[in-house]
Amino acid sequence: MALKDIMDEKNVEKLEALGNKHVEKIVEEFASICKPAKITVLTDSQEDIDYVKGLSVENGEESKLGIDGHTIHFDGYFDQARDKGNTQILLSDGVKVAKNINTMERETGLKEVLGIMDGIMEGKEMLVCFFCLGPTNSEFSIPALQLTDSAYVAHSEYILYRSGYGQFKKLEGSDKFFHFVHSVGELENNVCKNIDKRRIYIDLMHNRVFTVNNQYAGNSVGLKKLALRLAIKKANEENWLTEHMFVSGIHPKGKDRVTYFTGAFPSACGKTSTAMLPGNTVIGDDIAYIRVGSEGEARAVNVEQGIFGIIRDINAKGDPYIFSAITSPREAIFSNVLVKDGKPHWLGMNEEIPKAGINHSGEWTEGKKDEAGNEITPSHKNARYTIRINELENADPHADDSKGVPVSGFIYGGRDSNTTIPVAESLSWPHGVFIGVTIESETTAATLGAEGKLVHNPMSNIDFLTVPLSTYINSHLRFGEYIDKPIKIFSTNYFLKEEGEYLNGMLDKKIWLLWMELRVHNEVEAIETPVGWIPKYADLKELFKTYLDKDYSEEDYNKQFALRLSKYLAKFDRIEAIFKEEQDIPQVFWDHLEQQKERLNAAKEQFGKEVILPSEFETSGQ
Ligand code: SPV
Ligand code: MN
Numbered sequence: 000m001a002l003k004d005i006m007d008e009k010n011v012e013k014l015e016a017l018g019n020k021h022v023e024k025i026v027e028e029f030a031s032i033c034k035p036a037k038i039t040v041l042t043d044s045q046e047d048i049d050y051v052k053g054l055s056v057e058n059g060e061e062s063k064l065g066i067d068g069h070t071i072h073f074d075g076y077f078d079q080a081r082d083k084g085n086t087q088i089l090l091s092d093g094v095k096v097a098k099n100i101n102t103m104e105r106e107t108g109l110k111e112v113l114g115i116m117d118g119i120m121e122g123k124e125m126l127v128c129f130f131c132l133g134p135t136n137s138e139f140s141i142p143a144l145q146l147t148d149s150a151y152v153a154h155s156e157y158i159l160y161r162s163g164y165g166q167f168k169k170l171e172g173s174d175k176f177f178h179f180v181h182s183v184g185e186l187e188n189n190v191c192k193n194i195d196k197r198r199i200y201i202d203l204m205h206n207r208v209f210t211v212n213n214q215y216a217g218n219s220v221g222l223k224k225l226a227l228r229l230a231i232k233k234a235n236e237e238n239w240l241t242e243h244m245f246v247s248g249i250h251p252k253g254k255d256r257v258t259y260f261t262g263a264f265p266s267a268c269g270k271t272s273t274a275m276l277p278g279n280t281v282i283g284d285d286i287a288y289i290r291v292g293s294e295g296e297a298r299a300v301n302v303e304q305g306i307f308g309i310i311r312d313i314n315a316k317g318d319p320y321i322f323s324a325i326t327s328p329r330e331a332i333f334s335n336v337l338v339k340d341g342k343p344h345w346l347g348m349n350e351e352i353p354k355a356g357i358n359h360s361g362e363w364t365e366g367k368k369d370e371a372g373n374e375i376t377p378s379h380k381n382a383r384y385t386i387r388i389n390e391l392e393n394a395d396p397h398a399d400d401s402k403g404v405p406v407s408g409f410i411y412g413g414r415d416s417n418t419t420i421p422v423a424e425s426l427s428w429p430h431g432v433f434i435g436v437t438i439e440s441e442t443t444a445a446t447l448g449a450e451g452k453l454v455h456n457p458m459s460n461i462d463f464l465t466v467p468l469s470t471y472i473n474s475h476l477r478f479g480e481y482i483d484k485p486i487k488i489f490s491t492n493y494f495l496k497e498e499g500e501y502l503n504g505m506l507d508k509k510i511w512l513l514w515m516e517l518r519v520h521n522e523v524e525a526i527e528t529p530v531g532w533i534p535k536y537a538d539l540k541e542l543f544k545t546y547l548d549k550d551y552s553e554e555d556y557n558k559q560f561a562l563r564l565s566k567y568l569a570k571f572d573r574i575e576a577i578f579k580e581e582q583d584i585p586q587v588f589w590d591h592l593e594q595q596k597e598r599l600n601a602a603k604e605q606f607g608k609e610v611i612l613p614s615e616f617e618t619s620g621q
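Counted from 1, the sequence shown has number 44 at position 45 by numbering that gives the first Met the number 0; the numbering is strictly sequential.
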């Protein structure tokens, strides 16, 4: 099939102007498989980007809200989060990635998904869009081609990513780009009808992903978690890192410096809110590429330029910048919130929520139940907003720097209610890698399935790993050797509870971050414990007073930082069992596991009890 047979002259010209036969071949191939009625090629021009924005309203995937530039999009009732069950990595050689990661024989997977895609765009318009992962014109740049029949998906991408038609021209005909083919399939009331045929298949061999019969952005938007999976493979082969991490600058009071941290947290566990803490300047909130810079320093970029953030609990008090952005005129897409009279409402917005309106279940009134008898909340717990970061008051001026920003600390967070202390600095780089890959966290509404289940989530990347866990661990261990300017690695846990109540307030994370910043600059001492270096009470007290005007009590400190030895030992037993089922885990990991357990057991013996207060370690000189 020739391009001219399926596209008008103007579009053929736009495509051919790229001088890239690989791109043309992909468009031809998927035009002939998906059989769209029309194909539109988009460049980086404002006119083209506006066309997509207009189309998403025209075709009903989005509707205008009261505030200028705001739209609402609904995903189907059963399409509200990432679908791990139907996400498969296609592998031809039987390589296992990690025990819990779905892999499928490549030929079988391709046959199935291409079969589903046969004629899937009949009567529809296929959009051909070009983006760049990471800043353009940079060592970090990865061009990405998106084919989709969803204007909502393309619109989201023009907010969330840098457009990359120009970047494709610079490829000079090469095939060094990722590509994504997406179709919503048949729609009914503008949401996917054939959820049973939802598939997200990752073809590592050709740097491409096929995703069909879905709209939720975590499944549909190629450049987000689908590209993350492809980039993890690429980074692990090329000795750099692709991480599920925010990038944010910390600005301590009275000191003329900014210190950048990156932090990995499982979905819906405080990653965006950490990146966006008052006083920070934000570069990115979800995905980072990290490379070694010319002076041996680690440098990070935000792969994206926007935020697809959880809207629940966003309010003027807790998240002033985001709240202000999503309540004032600008381009913003709301998804799966409650809409009444053109106004979006969500859980935790600190305003009264109407008792009726339209939400992800259609017409909604308070008390409405779904078919399974579950009460439907006014907005979904995983409802989201989509905005550009550079419109936020706290956007960092270096967000688009082609060389990225220097990174001084990595943070690994999790959600566990009874074990991990709020903040600790690892004892060394390999110990930090060990801490990162042994994170356990409770599942959330960001993925389909049960919430609150404690699962192993190494570096918050378990859902996205495309290389064996052993390879991933080795890459991190090696990265520590490549950098000449050391990075400190910290762990955090914002979710410790006592008798069902959280032990920490929402803003306490600001203090942990400022403490980490001081540690990076060697400006505070710390207490050595079996799980790492922890803050001294006096330092936290001062930080709480200075930054939150709060009197932090020693009693709170002791509750939060008491080391629950048996809980930690139980965790590392669980970890040992999990890793024993993995293949080729490096010896360094086993050494650290052994040493970690030894230190915990030694403390148990030395103190003769289960729970040790920080001051006890301090005076014992541990
Ligand atoms: C996450 O779940 O980690 C997100 C949103 O950042 S999604 O696009 O669904 O991946
Ligand atoms: Mn994420």
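The C-beta atom is built at its ideal place from N, Cα and C for all residues, glycine as well.
In the DSSP assignment, the beta strand (DSSP E) including residue i goes from what residue to what residue?
i: glutamate 104; result: 102-104
i: valine 180; result: 177-182
i: histidine 455; result: 453-455
i: tyrosine 50; result: That residue, tyrosine 50, is in no beta strand (DSSP E); its alpha helix (DSSP H) goes 45-57.
i: alanine 287; result: 287-291
i: glutamate 362; result: 361-364
i: valine 246; result: 244-249
i: alanine 355; result: 355-358
i: alanine 331; result: 331-334
i: glycine 317; result: From DSSP, glycine 317 is part of no beta strand (DSSP E); its letter is neither H nor E.
Going by C-alpha distance, which of the options is nearest residue i?
i: asparagine 314; options: Ile25, Gly347, Ala287; result: Gly347
i: lysine 168; options: Leu612, Asp7, Asp43; result: Asp43
i: valine 523; options: Gly59, Lys508, Glu541, Thr273; result: Glu541
i: phenylalanine 494; options: Ile584, Ile309, Glu12, Lys558; result: Lys558
i: alanine 267; options: Lys380, Lys232, Asp507, Gly278; result: Lys380
i: tyrosine 654; options: Asn193, Tyr411, Gln166, Glu61; result: The shown model of the chain, from 0 to 621, leaves out residue 654, and the question about it has no answer.
i: phenylalanine 130; options: Lys95, Gln595, Ala226, Asp67; result: Ala226
i: valine 211; options: Val220, Gly278, Glu597, His205; result: Val220
i: arginine 298; options: Leu2, Lys224, Lys402, Val180; result: Lys402
i: arginine 329; options: Asp550, Gly305, Lys270; result: Gly305
i: phenylalanine 245; options: Pro405, Lys270, Gly133, Gly165; result: Lys270
i: valine 180; options: Ile286, Lys34, Phe139; result: Lys34
i: tryptophan 239; options: Leu513, Ile472, Lys196, Tyr157; result: Ile472
i: valine 406; options: Asn492, Val257, Lys603; result: Val257
i: phenylalanine 571; options: Glu27, Ile434, Gln145; result: Ile434
i: lysine 277; options: Ala80, Ala16, Ile321; result: Residue identity differs from the one stated: residue 277 is proline in this sequence, not lysine. The residue with the shortest Cα to Cα distance from proline 277 is Ile321.
i: glycine 431; options: Tyr501, Met116, Glu171, His475; result: His475
i: valine 300; options: Gly262, Ile310, Asp312, Ile325; result: Gly262
i: lysine 535; options: Thr418, Lys566, Leu612; result: Leu612
Got a sec? Which residues, its chain only, sit under 6 Å from residue i by beta carbon, not counting five neighbours each side?
i: valine 610; result: Ala561, Arg563
i: tyrosine 200; result: Gln87, Leu89, Gly108, Val112, Phe209
i: glutamine 621; result: With a pLDDT of 49 at glutamine 621, under the threshold of 50, the predicted position of this residue should be treated as unreliable, though the coordinate-derived value follows. These residues qualify, in order along the chain: Glu527.
i: glutamate 365; result: Lys354
i: alanine 153; result: Val51, Leu126, Cys128, Thr147
Give me whichever residues DSSP pairs with residue i in a beta bridge.
i: lysine 342; result: Lys339
i: threonine 210; result: His181, Ile199
i: methionine 125; result: Ile38
i: cysteine 268; result: Beta-bridge pairing links cysteine 268 to no other residue.
i: tyrosine 259; result: Gly248
i: glycine 295; result: Looking at the DSSP assignment, glycine 295 forms no beta bridge with any residue, so it has no partner.
Using a Cβ-Cβ cut-off of 7 Å (strictly less than) and excluding sequence neighbours within five positions of residue i, which residues of its own chain qualify?
i: methionine 505; result: Gly317
i: aspartate 74; result: Val190, Gln214, Tyr215, Ser334, Asn335, His359
i: lysine 452; result: Glu441, Thr442
i: glutamate 617; result: Ile526
i: glutamate 156; result: Cys128, Phe130, Gln145, Val220, Leu222
i: asparagine 10; result: Ile38, Thr39, Val40
Verify the CB distance criterion: does residue i have a CB-CB separation below 8 Å to chain C?
i: glycine 295; result: The displayed structure is made up of one protein chain only, and chain C is not part of it.
Can you give me the Cβ contacts of residue i inside the same chain, cut-off strictly under 8 Å, excluding the 5 residues immediately before and after it?
i: alanine 36; result: Met120, Glu121, Gly122, Lys123, Glu124
i: glycine 607; result: none
i: glutamate 580; result: Lys98
Determine the extent of the alpha helix (DSSP H) in which residue i is found, giving its start and end residues.
i: leucine 568; result: 564-579
i: isoleucine 25; result: 20-33
i: arginine 228; result: 226-237
i: serine 614; result: 613-619
i: leucine 2; result: 2-5
i: glycine 305; result: Run containing glycine 305: none in the alpha helix (DSSP H); it sits in the beta strand (DSSP E), 305-309.
Open item on the list: What ranges does the beta strand (DSSP E) occupy inside the stretch 371-444, keeping only unbroken runs of at least 3 residues that lie completely in it?
Closed with: Counting only runs of 3 or more, we get 383-387, 408-413, 422-424, 439-441.
- [ ] Could you pull out every unbroken alpha helix (DSSP H) segment of at least 4 residues lying fully inside the stretch 462-550, listed in chain order?
- [x] 468-481, 507-519, 536-547
Open item on the list: In chain order, what are the residue ranges of uninterrupted alpha helix (DSSP H) at least 4 long that sit wholly in the stretch 119-165?
Closed with: Counting only runs of 4 or more, we get 150-159.
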